Amino acid sequence: MNDKLSTLAACIEFGKINKAAPYPPQMKGQDGADEITKQLLDEGVAPGDILSDALIKGMEKVGEKFSKNQIFVPQMLMSAKAMQFAMNHLKPFFATGEADRRGTFVVGTVEGDLHDIGKNIVAMMVEGNGYEVIDLGVDVKAEQFVAEIEKNPNCFIGLSALLTTTMANMEKIVSEIKGKYPEQNICIGGAPVTQDFCDKIGADSYNPDPQGVVKFLNSVAVAS
Amino acid sequence: MKGLELVAKAMKMEEVERIPWIPFVGCHAGELIGTTATEYLKSTDLIVKGAKAAVEKYNPDGIPVTFDLQIEAEALGCKLNWEDDNPPAVISHPLSEGTKLEDLKVPCSCKARIPVVMEATRRLKDEYPDLAIYGLITGPFTLALHLMGTDVFMKMFEDPDYLHSVMKFCTDVSKFMAGNYIESGADVVAVVDPMTSQIDPMSFETFVSPYVTDLFDFIRDAGALSSFFVCGNAEQNIEVMCDCKPDNVSIDENIPLDFVKKIALEKGVSFGGNMKLTVVLLMGTTEDSQRDALECMDIGGKKGFLLAPGCDLPMATPAENLEAVAELVHNELLQGELRASEAKGSSVEKLDLAGHWDDSKVVIDVITLDSSSCAPCQYMVKAVEIAAEKYGDNVVWKEHRIKEKEGVQMMATLGVQNIPTIVMDGELEFISQIPPVEKIQDRIDVYLKNKN
């Protein structure tokens, strides 16, 4: 495999954004995700290969370390930032349909909740794994999710809540969506959310980390 | 004993006769008095009225003035988005939107809603001198997040010196708020820093520990007690949190209570929590709530533990669930019965009583919580003792305390439901009520006659 692809995977894994970035110390002064992605495209490597052989590989490592409590949100955000710089180069190619999408993921924080760190990381990981992501942002009401389902009948829904006080709205949104679309797949997450809560409100999947969301989407996308 | 004394004893790691109970009532107090979160959090009168309603209903040992982590942020210029059924949320982060750190000043105590909560603190302390009044302040790291937005995480790596300066400023704000709360009469200052659950222990020790350790020293020097609240899964940080030397750490259901207990007690720090906020208190029944509280109490124990919900109570938490917890906290007999009924289920190993009975003697089993601490149990045991005396060897009696495993097993094996109960030769004879000695003797006579 192209050496640069594995270097790019390492840039994503360790959050090396570009040459100027001081972090991580062991990669100081080296090219980062920004430069290497550009170089790969210039060398004629297919955007889909850059995505699957470098970015997704790096992000999988990040996801694994996160679920094992080896890294936390700050490290993950650095990887996300590096990924973003790489994606900026790749996005124009995907928009023209050069790469296939595995499905559509509609995501937002629930009504009343404005905390979007977790939601953004999940959106990015899901996008990095080949899905189209429709990010409805923060403070999203049930009607907005329902309207998106009407436009994208085969989409997946992702709900995020950071506060115990807004978790009640998560229940409300799930029941409104399921009332109209009983078969709609909904995954939920956020710091205070638990599997027990997920079972209680009738959502389809709870995951403590972004990697889990990707795994869930892949399992359903393959099955359907 | 008075609530404040009980809380202070628990926080000083002394054995307590009853586990103190602190319902973390914020906006939920607004619900109790029929107002919205927005009205409630902006009014001294409503905050005081709400806290009073909570004290009357939930019979607590301590109570927060209110629960709002946006007060400092608002006073520092963050914009808030107000909600009627939730605390407000910060929607602008001045330090990532052009404001320079050097332009931010520790606010005046007249700024934004600071005077609202300080006046509420004074009135509540006047009203309830014997309760532990908790003043809740935004922890420095969470305040830094309010001021900087998500940048706070990336600056750890990209510009650590800058983040240290922001943390120093936020700590100054925290000390200012802590000092004001203490001056207004707060007995406990709770440093609520939920965002620290999102970072690793090494980042915590680098960017949080030096600042909150200083803050806890400040609170201690001012003569108040301190608690470190963290909501969310901060399992990785419990040890470093305890190293910051608060008097107490309080955690939510994401972290197993026994895990926290082990670390906290090793470090000489009291601990609190972690009743399940949503699946139990918000969505469960009164019985679920009591069982959850009991489980926490049984794990927590009577040394260094305070019973509390994991975090801010959701506004719509049914009052009856919290009333049920309050009833349980104050009723040791109820705790015993609940514990025993739990044990009756699948998990208890029944006893083999084949050798327990006797062809010529009446065997009396008295099932109690513990006759040395439960008054009805004591009278019932005494009555049996006196009644049995004249029969000499013909009657054997024994007390089975359900505080001990054997007692629970005996209770389950005999099918006893209530405490205390007198059982003769395996038959339930006297339940809950303490019979006169003659009544007990009448029954003994019947059993003896059948044997001869």
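So the sequence lines, in the order shown, correspond to chains A and B.
Taken in order, the first sequence gives residues 1 to 224; the numbers are from this note's numbering.
Taken in order, the second sequence gives residues 225 to 676; the numbers are from this note's numbering.
From the three backbone atoms N, C-alpha and C, an ideal C-beta is built for every residue, glycine too.
Note that the coordinates shown come from a computational prediction; the quantities given were computed from them, not determined experimentally.
Inter-residue Cα distance where the pair is residue i and residue j
i	j	result
residue 595/B	residue 358/B	36 angstroms
residue 633/B	residue 566/B	11 angstroms
residue 308/B	residue 492/B	41 angstroms
residue 162/A	residue 112/A	10 angstroms
residue 394/B	residue 367/B	6 angstroms
residue 180/A	residue 342/B	48 angstroms
residue 344/B	residue 549/B	26 angstroms
residue 215/A	residue 153/A	21 angstroms
residue 271/B	residue 547/B	20 angstroms
residue 460/B	residue 420/B	10 angstroms
residue 353/B	residue 226/B	10 angstroms
residue 241/B	residue 526/B	7 angstroms
residue 537/B	residue 278/B	12 angstroms
residue 173/A	residue 329/B	41 angstroms
residue 514/B	residue 229/B	24 angstroms
residue 636/B	residue 454/B	39 angstroms
residue 475/B	residue 466/B	12 angstroms
residue 299/B	residue 351/B	28 angstroms
residue 529/B	residue 5/A	54 angstroms
residue 417/B	residue 290/B	16 angstroms
residue 583/B	residue 672/B	10 angstroms
8 angstroms Cβ cut-off: residues of chain B touching residue i
i	result
residue 131/A	Here the premise fails: no neighbours, minimum Cβ distance about 22 angstroms.
residue 261/A	This structure gives no information on residue 261/A, because the portion of chain A shown stretches from 1 to 224.
Residues that DSSP places opposite residue i in a beta bridge
i	result
residue 625/B	592/B
residue 288/B	358/B
residue 270/A	In this structure chain A extends from 1 to 224, so residue 270/A is not present and cannot be described.
residue 527/B	239/B
residue 107/A	135/A, 158/A
residue 648/B	588/B, 651/B
residue 313/B	305/B
residue 245/B	531/B
residue 498/B	532/B
residue 169/A	DSSP output for residue 169/A lists no bridge partner at all.
residue 474/B	453/B, 496/B
residue 619/B	586/B
residue 415/B	361/B, 452/B
residue 140/A	110/A
Chain A contact residues for residue i, given Cβ-Cβ distances below 9 angstroms
i	result
residue 251/B	165
Listed by chain order, chain B residues near residue i by CB distance under 7 angstroms
i	result
residue 78/A	378, 381
residue 142/A	Within chain B, no residue comes near residue 142/A; the closest Cβ sits about 15 angstroms away, beyond 7 angstroms.
residue 168/A	506, 538, 540
Burial state of residue i, where buried means 16 or more other Cβ atoms lie within 10 Å
i	result
residue 70/A	exposed
residue 674/B	exposed
residue 509/B	exposed
residue 54/A	buried
residue 577/B	exposed
residue 315/B	exposed
residue 264/B	buried
residue 56/A	buried
residue 13/A	buried
residue 555/B	exposed
residue 185/A	buried
residue 205/A	buried
residue 426/B	exposed
residue 670/B	exposed
residue 285/B	buried
residue 47/A	buried
9 angstroms Cβ cut-off: residues of chain B touching residue i
i	result
residue 33/A	Simply none; closest approach about 14 angstroms.
residue 123/A	Ordered by position in chain B, no residue passes the 9 angstroms Cβ test against residue 123/A, which lies about 13 angstroms from the chain.
residue 10/A	Those within 9 angstroms of residue 10/A in chain B number zero; the least Cβ separation is about 16 angstroms.
Residue i Cβ short of 7 angstroms to the ligand MN heavy atom set
i	result
residue 58/A	Of the ligands one can find in the structure shown there are none, so the ligand MN has no counterpart to examine.
Chain D within 8 angstroms of residue i, Cβ atoms only
i	result
residue 495/B	Checking the listed chains, one finds no chain D in this structure; the protein chains it contains are A and B.
- request: Please name the residues in the segment 480 to 509 of chain B whose beta-carbon is closer than 7 angstroms to at least one beta-carbon of chain A, in chain order.
  value: Contacts with chain A (Cβ-Cβ distance below 7 angstroms) from the segment 480 to 509 of chain B involve 501, 502, 503, 506, 507, listed in chain order.
message: Please list, in chain order, the residues of the segment 303 to 317 of chain B that have any C-beta partner in chain A closer than 9 angstroms.
response: Result list: 305, 307, 309, 310, 311, 313, 314, 315.
- request: Give the residues from the segment 445 to 478 of chain B that approach chain A closer than 9 angstroms (Cβ to any Cβ), ordered along the chain.
  value: Those would be 455, 456, 457, 459, 460, 476, 477, 478, in chain order.
message: To be precise: take each residue of the segment 521 to 548 of chain B, compare its Cβ to all Cβ atoms of chain A, and keep it if any distance is under 9 angstroms. Which residues remain?
response: Cβ contacts with chain A come from 533, 534, 535, 536, 537, 538, 539, 540.
query: In chain order, what residues of the segment 416 to 429 of chain B put their CB closer than 7 angstroms to some CB of chain A?
result: Near chain A, meaning a CB-to-CB distance below 7 angstroms, the residues of the segment 416 to 429 of chain B are 421, 422, 423, 424, 427.
Contact residues within the segment 356 to 390 of chain B, judged by C-beta distance below 8 angstroms to chain A: Here the close residues are 374, 377, 378, 380, 381, 382.
message: For the segment 60 to 87 of chain A, list every residue whose C-beta sits within 9 angstroms of some C-beta in chain B, in sequence order.
response: Result list: 69, 70, 71, 72, 73, 74, 75, 76, 77, 78, 81.
- prompt: Taking any Cβ of chain B, which residues in the segment 109 to 121 of chain A have a Cβ under 7 angstroms from it, in chain order?
  reply: Among the residues of the segment 109 to 121 of chain A, those with a Cβ less than 7 angstroms away from any Cβ of chain B are 112, 114, 117, in the order of the chain.
query: Closer than 7 angstroms, Cβ to any Cβ of chain B: which residues of the segment 195 to 215 of chain A, in chain order?
result: So the list reads 196, 197, 200, given in the order they occur along the chain.
- prompt: When Cβ atoms are compared, which residues of the segment 18 to 44 of chain A fall closer than 8 angstroms to chain B?
  reply: Of all residues in the segment 18 to 44 of chain A, 21, 22, 23, 24 have a Cβ within less than 8 angstroms of some Cβ in chain B.
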